[in-house]
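Engineer: FYI, this note's numbering numbers position 46 of the sequence shown as 85, with every residue one higher than the one before it.
Pasting a structure here, questions to come.
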Amino acid sequence: MRELGSLLGLDKALLSRHPFPGPGLAIRCLCSDKEGIGKNTTQGTVLPVRSVGVQGDERTYRSPLVVLSSKPWEELERESTQSTNSDKEINRVLLQAYPKETSEFRMIKAGITKERLDLLRKADSIVNEFCIEKGIYDKIWQFPVVLLPVLSSGKPVIVLRPITSIDAMTASFYRFDRKLLDELCARLRQFTGAVLYDITNKPPATIEWE
């Protein structure tokens, strides 16, 4: 499509936009009809929400693990793979990018509401504008921003899911410059209780959370 658009003379900024799912923000605004508390383990905190993943030819529907770490991305990638391979309860690993201290996560009953979608649009806009401003937008193949039905310190929790890929059949999480990631979190923390960074490749996780 991009090659065709280029032949038609469409604007480069339009052609380089990240893929966006047909159902739109609805699949990035996770819902819950239950309440729950994150479970602390020796590895980190298992959130009481579930998301879609891939294992072989089958879909999985499991929980994410939140970890606190300052290790290099390469080490985190290895540990993420080990965790999802060894623990059948989880299919994603999330780095807690903000705050950088142990947090309590509480799942709440939440549906699709204007308030939640407005918050997600705001976060998504901040992320996209930041990536354009810092010159990294074109280095990222797709950048889902996900709103969880989870609170931390009384505020909503969002997940950043930037990935690199060629055809979307497989994908790797994008290695964000740590200083830039801290700067992005500073722009998001005014209305979020925690910012989590998805460090799971595809497989075992899917690109989108639903």
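Ideal Cβ positions, reconstructed from N, Cα and C, are used throughout, including at glycine.
Predicted model only: the values in this text are computed from it and were never measured.
Taking E247 as the reference, which of K127, L186 and Y137 has the closest Cα?
Structural biologist: L186
Engineer: Only counting runs of 4 or more residues, tell me where the alpha helix (DSSP H) segments fall wholly within the region 93-176, in order along the chain.
Structural biologist: 112-125 and 153-172
Engineer: May I ask you to verify whether the region 118-130 touches the region 182-199, counting CB pairs closer than 8 Å and requiring at least 3?
Structural biologist: no
Engineer: Tell me the rounded alpha-carbon separation between V93 and N240.
Structural biologist: If I take the Cα positions, the gap works out to 10 Å.
Engineer: M40 by DSSP, collapsed to three states: which one?
Structural biologist: With a pLDDT of only 48 at M40, under the threshold of 50, the placement of this residue in the model should not be trusted; the figure read from the coordinates follows. Three-state DSSP puts M40 in coil, outside helix and strand.
Engineer: Please work out which residues of its chain come closer than 6 Å, Cβ to Cβ, to Y236, disregarding the five sequence neighbours upstream and downstream, and give them in chain order.
Structural biologist: L134, A136 and L199
Engineer: Reducing DSSP to helix, strand and coil, say where D301 ends up.
Structural biologist: Lying outside 40 to 249, the shown extent of the chain, residue 301 is not represented and no answer is given.
Engineer: What residues in its chain sit with their C-beta under 7 Å from that of S108, if we drop five residues either side in the sequence?
Structural biologist: The answer, listed in chain order, is L115 and L134.
Engineer: What's the gap between the Cα of L86 and the Cα of K148?
Structural biologist: 14 Å
Engineer: What does the alpha-carbon distance come out to for the pair S119 and T84?
Structural biologist: 13 Å
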